[in-house]
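J.: The structure under discussion is supplied below as structure tokens; questions concerning it will follow.
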Amino acid sequence: MKARHKRLAMILGGLAVIGVAVALVMSAFQQNLVFFFSPSQVAANEAPKGRAFRVGGLVEEGSVKRDGVMVSFRVTDTAHVVKVSYSGILPDLFKEGKGVVAQGKLGADGTFMATEVLAKHDENYMPPEAAHAVEQAHKAQKSLKVQ
Amino acid sequence: MIPEIGHFALILALLIALLQGVLPIVGAARGIGPWMDLARPAAKAQAMFVTLAFGCLMWSFYVSDFSVQNVASNSNSLLPWYYKLSATWGSHEGSILLWTLMLAWWTSLVAFFSRHLPREMVARVIGTLGLVSAGFILFTLTTSDPFDRLFPAAPEGRDLNPLLQDPGMIFHPPMLYMGYVGFAVPFAFAIAALMGGRLDAAWARWTRPWTTMAWVFLTLGIALGSWWAYYELGWGGWWFWDPVENASFMPWLTGTALVHSLAVTEKRGSFKTWTVLLAIITFSMSLLGTFLVRSGVLTSVHAFATDPERGVFILGFLIFVIGSSLLLFAWRAPKVGLGGKFANVSRESMLLMNNVLLVVAMGAVFLGTMYPLFLDAIAGTKISVGPPYFDAVFAPLMAPLVFLMGVGPLSRWKEAKIPDLATRLRWAAVVAVVTAVLVPVVLGRWSWIVSGGLLLAFWIVASAVVNVREHIRNVRGSLLTRLASQPRAFWGMNLAHLGVAIFIIGVTLVKGYETERDVRMAVGDVVSVGGFTFKFEGVQEVQGPNYVAARGTFDVSKNGRFIEKLYPEKRSYLSNRAMPMTEAAIDSSIIGDIYVSLGEPVGGDAWTVRAYYKPFVTWIWWGCVAMALGGLVALSDRRYRFARRREASAAKAAVTA
């Protein structure tokens, strides 16, 4: 009888620990999910206010302006643009006309305040999110033309 | 001609691997001796042919044979010879061949060091490895042939990705793969145990050294990768929770759990089924890692190609291996038995908790890595899970694990008493708390994170000291003879745990006290970071063997006293002008790294500059080295050697009888 109680206590204890751990993992997961929005979606006010998200597309030609370590540029999916500002050093492969993904929050004036700018390690490579955004915009434009 | 020989050798290796995978296993099931005895020679022959194939590929790279597609796309005649050689595994095809090579070598090592094992066991272990090997060679030949010819031959190669032109490329991939692939051995032992229905302390003792060895390689491989990223990517991070890193970290977590559960299975005969399951999970994680990195589902520097055909093959193989192993497990595990009983508080129960925490941690990494992929594949929604998630999850999961690291080694097997443990460890606790409170004050700034991290680190150290003292208290002689009286396995464990403490100190102090400044600097400008003053002296153009670089000069001084000059570079490789490379200049010492890298020119003679001070950052990697060394010391324990000799003579006696 006693051995059985012990075993039961152990199993319950183990389950409790696993339960707590899983709860912890899930809540951290919920809080730190970062969604991606294309410039068109941002323009349509689909992006959340006050919560971090990612925006991506192409860096618009001629839009990069530097002031010391402050940089501002525009990200486009060829249909809409989002103005991005960032303080810090950009990755080596950040270039006008190339794909980019930025993570941050929308400011009050509609400027995207980036905390992180990602451009990957290969010059021919397009971030999948950025490619997706441009593709969606093209599709949307095509269907408009058909109508 | 040479590439064709390589290709042919690989085909032969496939045929041998199939023989090695089928006949010995069938032989073991039917009791056909000669078929079982085929396992060892087949394994050695297979290793020979795979090595020949790999050698041929390496040779093609060495002589820059641009009529081979793989060489033309991944090498260049201007590369120094050592990068030509390491470019062999710089591509998808080459690295899969490296995988196969490592597996063949591990298998032949098993063939050499298994004379003392029962015949059926050897047949089943080597047979299982043969099947895995056949799968990988088939994959190489059908979807990623590294020997494909190019007509007409290219006049010049497209060059190795500049990021990979680094000493890290020579050591990191082979080391990591040795670890990844090494977990195939405990996996094969587990499968063999399930097939034979026999799992006892001897089985655990055979499996343990292989597991530890694979774990040592994986630990070093991951640490090397982290160090490489730190100095090469040019922005001073040492771990990014990038899916590719997570892919190697998941087998490490379950592999660590496996090392511990094997200890229980060997010493106490408990956890049997769990150990087998863990061995299966760990190797599955290795395969999953290969799938993630090689299929192109993640796109980063490690994913050289995006080719669905390959992805589907590996995914199919992955599902087949994991599915059939789990099926076998479900069918045969009840035969293996549960093993010895233990109380709620005992070394067993603490190791069980260790295993639960490590597996939950693996699950958390799995969720964060795979969920975005699933969601994208199923719903097309693009999300990402960043470092904050992993940071938030890991600290609370690792803290109890580290606490147990102090208590576990001091508790008795079967049943331990909490009051007894509390008495023995009270001084360790006091020392840990006092140092954790005082050290941050001495270092200048007190914070919860630093104090908490140091508490964990000092707790490991102090409890290890208590453990050593208790072990040698009743031994006579000088201190040295008393210390030498302890088995190597004991020292190995303590060294590995000490490595964790060193690692934690590194992580904590970097997080707590690092200073990072991104600034715009014109010539003559001065910036102060972490007590150091950096003066920008300007940028010159310098010529490398296959690149040109803008090289900056920085004078570093502290309190007006000159320390040194640092020369960070911005390189532009001749073969690939569009892809500039940042080479940070780092002055590394045991108490901290001074780190400077160039951003970009911003008009006039001004540049954007990263100037960092990273206190104790090298302790992170030294901690990993200590963990790996601990594993090696434990491996050299005499009981493995003596046990082997004993079993060999027992086997011989049985034969003569």
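From first to last, the protein sequence lines stand for chains Z and W. The working numbering applies: residue 1 is where the first sequence begins, and numbers increase by one. The working numbering applies: residue 148 is where the second sequence begins, and numbers increase by one. We put the beta carbon where it would ideally sit given N, CA and C, even for glycine. These numbers were taken from a predicted model, which means no experiment stands behind them.
#1: Report the neighbours of residue 525 of chain W on chain Z: residues whose CB is nearer than 9 Å to its CB, in chain order.
#2: Excluding the 5 residues flanking residue 605 of chain W on each side, which residues of the same chain have their C-beta closer than 7 Å to its C-beta?
#3: For residue 850 of chain W, which of W:643, W:645, W:614, W:532 has the nearest alpha-carbon?
#4: For chain W, is any of its Cβ atoms less than 9 Å away from the one on residue 106 of chain Z?
#5: Along the chain, where does the alpha helix (DSSP H) that runs through residue 374 of chain W open and close?
#6: Under a three-way DSSP split, which group does residue 188 of chain W fall into?
#7: Once DSSP output is grouped into helix, strand and coil, what is the label at residue 754 of chain W?
#8: Counting only C-beta atoms, is residue 112 of chain Z closer than 9 Å to chain W at any point?
#9: The beta strand (DSSP E) with residue 685 of chain W in it runs from where to where?
#10: Spatial neighbours of residue 717 of chain W within its chain, please: C-beta separation below 7 Å, excluding the five flanking residues on both sides.
#11: Is it buried or exposed for residue 451 of chain W, if we count other Cβ within 10 angstroms and need 16 for buried?
#12: Would you say residue 501 of chain W lies against chain Z (beta-carbon separation less than 9 Å)?
#13: Using 8 Å as the cut-off, can you tell me whether the stretch 304 to 322 of chain W makes contact with the stretch 188 to 198 of chain W, which would need three or more C-beta pairs spanning the two stretches below that distance?
#14: Show which residues of chain W have a CB atom less than 7 Å away from the CB atom of residue 21 of chain Z.
#15: Helix, strand or coil for residue 344 of chain W, going by three-state DSSP, please let me know.
#16: Taking only three categories from DSSP, how would you classify residue 103 of chain Z?
#17: Alpha carbon to alpha carbon, what distance is there between residue 350 of chain W and residue 503 of chain W?
#18: Which residues in chain Z sit within 8 Å of residue 641 of chain W, going by Cβ to Cβ distance?
#19: What does a CB cutoff of less than 7 Å around residue 97 of chain W pick up in its chain, not counting 5 residues either side in sequence?
#20: Give me the DSSP bridge partner(s) of residue 518 of chain W.
#21: Restricting to Cα atoms, I'd like to know which of W:665, W:169, W:535, W:585 is closest to residue 30 of chain Z.
#22: Excluding the five sequence neighbours on either side, which residues of its own chain have a C-beta within less than 8 Å of the C-beta of residue 187 of chain W, listed in chain order?
#23: Would you check if the stretch 508 to 527 of chain W and the stretch 382 to 397 of chain W touch, i.e. whether three or more CB-CB distances between them fall below 8 Å?
#24: For residue 147 of chain Z, would you say it is in contact with chain W, using Cβ-to-Cβ distances shorter than 9 Å as the test?
#25: Quick one: list the residues of chain Z neighbouring residue 755 of chain W, beta-carbon separation under 7 Å, in chain order.
#26: Using a Cβ-Cβ distance cut-off of 9 Å, determine whether residue 164 of chain W contacts chain Z.
#27: Nearest-angstrom Cα distance between residue 433 of chain W and residue 40 of chain Z?
#28: Using only alpha-carbon positions, find the residue among W:459, W:399, W:596, W:427 that is nearest to residue 473 of chain W.
#29: Note down, in chain order, every chain Z residue with its Cβ under 7 Å from the Cβ of residue 437 of chain W.
#30: So which residues of chain Z does residue 530 of chain W contact, with C-beta pairs closer than 7 Å?
#31: List the residues that DSSP assigns as beta-bridge partners of residue 765 of chain W.
#32: Only counting the same chain, and skipping five residues up and downstream in sequence, which positions put a Cβ closer than 7 Å to that of residue 252 of chain W?
#33: Under 8 Å by Cβ, that's how I've got residue 681 of chain W and residue 650 of chain W pegged, so tell me the actual separation to the nearest angstrom.
#34: Is the number of C-beta pairs between the stretch 764 to 772 of chain W and the stretch 649 to 667 of chain W that are closer than 8 Å three or more?
#35: Between which two residues does the beta strand (DSSP E) holding residue 616 of chain W run?
#36: So, using beta-carbon positions, are residue 415 of chain W and residue 561 of chain W closer together than 9 Å?
T.: On the basis of the coordinates in this document:
#1: When 9 Å is used as the limit between beta carbons, residue 525 of chain W is near no residue of chain Z, the shortest such separation being about 15 Å.
#2: Hits under 7 Å: 578, 579, 582, 583.
#3: Outside the shown range of chain W (148 to 804) lies residue 850 of chain W, about which nothing can therefore be said.
#4: With its beta carbon at least 9 Å from every one in chain W, residue 106 of chain Z lies outside the interface.
#5: It spans 348 to 379 - the alpha helix (DSSP H) in which residue 374 of chain W sits, taken as one unbroken run.
#6: Helix.
#7: It is a strand residue.
#8: Judged by the 9 Å Cβ criterion, residue 112 of chain Z is not in contact with chain W.
#9: Looking at the DSSP string, the run of the beta strand (DSSP E) that includes residue 685 of chain W is 679 to 690.
#10: Hits under 7 Å: 696, 697, 727, 729, 745.
#11: With a pLDDT of only 36 at residue 451 of chain W, under the threshold of 50, the placement of this residue in the model should not be trusted; the figure read from the coordinates follows. It is buried - the Cβ of residue 451 of chain W has at least 16 other Cβ atoms within 10 Å.
#12: Residue-level contact by beta carbon fails for residue 501 of chain W and chain Z, as no gap is shorter than 9 Å.
#13: The answer is no - the stretch 188 to 198 of chain W does not touch the stretch 304 to 322 of chain W, with fewer than three Cβ pairs under 8 Å.
#14: For a Cβ distance threshold of 7 Å, residue set 507, 544 of chain W lies close to residue 21 of chain Z, ordered along the chain.
#15: DSSP places residue 344 of chain W in coil when its eight states are reduced to three.
#16: Judged by DSSP in its simplified three-state form, residue 103 of chain Z adopts strand.
#17: CA-to-CA, the gap between residue 503 of chain W and residue 350 of chain W works out to about 23 Å.
#18: Simply none; closest approach about 26 Å.
#19: Residue 97 of chain W lies beyond the stretch modelled for chain W, which goes from 148 to 804, so this question has no answer here.
#20: The secondary-structure analysis by DSSP pairs residue 518 of chain W with nothing; it has no beta-bridge partner.
#21: It is W:535.
#22: The beta carbon of residue 187 of chain W lies closer than 8 Å to those of 258, 261, 269, 273 in the same chain, with the five residues before and after it left out.
#23: These segments touch.
#24: Residue placement at residue 147 of chain Z is flagged as unreliable, the pLDDT there being 48, under the threshold of 50; a coordinate-derived value is accordingly withheld.
#25: Taking a Cβ-Cβ threshold of 7 Å, the residues of chain Z close to residue 755 of chain W are 69, 89, in chain order.
#26: So no, residue 164 of chain W is outside the interface.
#27: In this model, residue 433 of chain W and residue 40 of chain Z are separated by some 40 Å (Cα to Cα).
#28: If you compare the alpha carbons of W:459, W:399, W:596, W:427 with that of residue 473 of chain W, the shortest gap goes to W:427.
#29: Residues of chain Z passing the Cβ test: none, with the nearest at roughly 20 Å.
#30: Ordered by position in chain Z, the residues that pass the 7 Å Cβ test against residue 530 of chain W are 33, 34, 35, 36.
#31: Bridge partners of residue 765 of chain W: none, in fact.
#32: If we look at residue 252 of chain W and ignore the five residues flanking it on each side, its Cβ neighbours are 194.
#33: Beta-carbon to beta-carbon, residue 681 of chain W and residue 650 of chain W are separated by about 29 Å, too far to satisfy the 8 Å threshold.
#34: Contact between the stretch 764 to 772 of chain W and the stretch 649 to 667 of chain W is present, because at least three Cβ pairs lie under 8 Å.
#35: Membership of residue 616 of chain W in any beta strand (DSSP E) is not indicated; the residue belongs instead to the alpha helix (DSSP H) covering 595 to 619.
#36: It is a contact, given that the beta carbons lie within the stated cut-off.
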